[in-house]
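Before any comments, here is the structure.
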Amino acid sequence: MDIVTVGLKGVLLPAVVSGIIFLLLRPLLKSTVLKSTAAAIALAAGFIAGYLGVQTYTYPPVSFTQWLPHVAVATFLLALVELIWANKTKLSWLKWIVRLGLFCLFLWRLFLNRLTHPSERVRWSTNEAFINFLVPILVIFAFWLILDLLLKRQERLAAEGIINRKHAILPTVLVLLTTFSAIAIVLSASGIIAQLLGVFTAALGAVMVLCWFNPVHRMTTVVSPVVAVMVGSMVWLGGYFFASLPWYSGLLLLIVAPATLLIPLSKDMKLIPETITRIVIALVPLGAATALAYAASLSRYS
Numbered sequence: 000m001d002i003v004t005v006g007l008k009g010v011l012l013p014a015v016v017s018g019i020i021f022l023l024l025r026p027l028l029k030s031t032v033l034k035s036t037a038a039a040i041a042l043a044a045g046f047i048a049g050y051l052g053v054q055t056y057t058y059p060p061v062s063f064t065q066w067l068p069h070v071a072v073a074t075f076l077l078a079l080v081e082l083i084w085a086n087k088t089k090l091s092w093l094k095w096i097v098r099l100g101l102f103c104l105f106l107w108r109l110f111l112n113r114l115t116h117p118s119e120r121v122r123w124s125t126n127e128a129f130i131n132f133l134v135p136i137l138v139i140f141a142f143w144l145i146l147d148l149l150l151k152r153q154e155r156l157a158a159e160g161i162i163n164r165k166h167a168i169l170p171t172v173l174v175l176l177t178t179f180s181a182i183a184i185v186l187s188a189s190g191i192i193a194q195l196l197g198v199f200t201a202a203l204g205a206v207m208v209l210c211w212f213n214p215v216h217r218m219t220t221v222v223s224p225v226v227a228v229m230v231g232s233m234v235w236l237g238g239y240f241f242a243s244l245p246w247y248s249g250l251l252l253l254i255v256a257p258a259t260l261l262i263p264l265s266k267d268m269k270l271i272p273e274t275i276t277r278i279v280i281a282l283v284p285l286g287a288a289t290a291l292a293y294a295a296s297l298s299r300y301s
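Numbering of the sequence shown is given in numbering that gives the first Met the number 0, commencing with residue 0 and proceeding in unit increments.
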C-alpha cells in the first residue's frame, strides 16, 4: 500500500467519518443526554472506518491489532451503559468495578496463549502473569482516572454556564499525546500499532477541530471509556507487550502528560495564553518520552 493510499484511508477517512458524525449527530439528537454520546460514537466509528481502510478485518481475532475494532465497539457500549451512572455519584464505585471486570476479561483473552501455552518457555509463571495483569491495570486505570477528572471539570464549568473554546484544550493535548505515542512506538519497532494509533489520532483530530470551531461541541465524560481504553491499550499493551516501548516512556505518555492539565493556572488567563501554556507544559513529558524511546532504540539496534 503506497503512502498516498495510506494517507487517504488511514488519516483522511477516519477524520472525515468522525467529523461528519460528530457534526451532524448533535443536532439530530434531541435529548441533552443523548447529545453527549456524539463524540463517543464519532471516535469509535472513525477508528473502525480507518482500521478497515488500512487493515483486513479478521474474525475471530487472534493478534492484538485484530482485537482493536472489537475493543472500539465494546468501549462505546460501555460508554452507553455508563450513562446510567452519569448523575449517581453514590454508584461510582459500581462503575469502576464494571470497568475493571471488563478490562480484566479483555486482558485474559488477549494473554490466553501465554497463560495456557504447553511450552514452559512460552507460558507465563504465576508471578509473571500476576505482574503482567497488574501493571497494565494500574497504568491504564490511572490514565482513565485522570481523563475522568478532566472531563468532569469541563462538565462542571458547562453546568455553571461557562461555555468557551477552552474545552478544546483537552482534545488538543490528547491529539498531541497520541501523535507522540505513535512516533515513540514507531521507534520501538511496531509500524502497524503506530499506524492504528495514527488512525485514532485522525478521528480524535476531527473532534478537536470542531471543538475549536464551535464551543458547543465538546467532549463529555461519556467519551471516557473509548479514549482511555483505546489509547491506553495501544500505548501500553501494544507499545510495551507487542513492541519495544520502554516502560518509562509509556508512563510519561499515559500518566504524566495528561496530568499536566490538572496543574492550576490563573482563572483570568485568556484562551490563547492558556492554550499555549498547557501545550508547552504537556510537550515536556511527551518530548521526553519520545526521546527516551529513541535512545532505547539506538541502544537496542547497536
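Just so you know, even glycine gets a beta-carbon here, dropped at the ideal spot from N, CA and C.
Just so we're clear, the structure is a prediction, and the values are computed from it rather than from any experiment.
In the DSSP assignment, find the alpha helix (DSSP H) that holds residue i and state where it starts and stops.
i	result
Arg98	Ser91 to Leu109
Gly249	Trp246 to Leu250
Met229	Ser223 to Gly231
Just the Cα atoms here: how many angstroms apart are residue i and residue j?
i	j	result
Ile168	Gly238	26 Å
Val97	Ile280	33 Å
Leu101	Trp95	10 Å
Thr178	Ala193	9 Å
Phe241	Leu109	11 Å
Gly204	Ala227	16 Å
Trp246	Gln153	30 Å
Ala37	Leu22	8 Å
Pro59	Thr289	34 Å
Arg122	Phe132	14 Å
Ala78	Ser35	10 Å
Val230	Val255	14 Å
Ser91	Met268	33 Å
Gly249	Leu186	13 Å
Ala202	Ile278	20 Å
Trp84	Ala41	21 Å
Ala128	Thr219	35 Å
Gly49	Leu176	19 Å
Gly45	Thr57	18 Å
Ile130	Trp66	22 Å
Val15	Ala181	20 Å
Pro272	Asn112	50 Å
Should residue i be flagged as near chain C, meaning a C-beta pair shorter than 8 Å?
i	result
Val230	No chain C appears in the structure shown, which is made up of a single protein chain.
Can you list, in chain order, the residues of its chain whose CB lies under 6 Å from that of residue i, leaving out five sequence neighbours each side?
i	result
Pro257	Ile145
Met207	Pro170, Thr171 and Val174
Gly18	Ala205
Ser296	Leu186
If you drop the 5 nearest sequence neighbours on each side, which residues of the same chain put their C-beta closer than 8 Å to that of residue i?
i	result
Ala43	Ala71, Val72, Thr74, Phe75 and Val225
Which residues in the same chain as residue i place their Cβ atom closer than 7 Å to its Cβ, once the five residues preceding and following it in sequence are excluded?
i	result
Arg164	Trp211, Pro214 and Leu270
Ala294	none
Thr166	Here residue 166 turns out to be His, not Thr, going by the sequence shown. Around His166: Gln153, Cys210, Pro214 and Arg217.
Pro135	Leu106, Trp235 and Leu236
Phe63	Leu109, Leu236, Gly237 and Phe241
Query raised in the report: Three or more C-beta pairs closer than 8 Å, one from the segment 46-60 and one from the segment 189-208: is that the case here?
Result: Yes, they touch.
Query - Three or more C-beta pairs below 8 Å linking the segment 124-141 and the segment 227-237 - result: yes
Report task. Within the segment 151-200, note down every full alpha helix (DSSP H) run reaching 4 residues or more, in order along the chain. Result -> 168-186
Query raised in the report: Whole beta strand (DSSP E) runs in the segment 16-72 with 3 or more residues, listed along the chain?
Result: none
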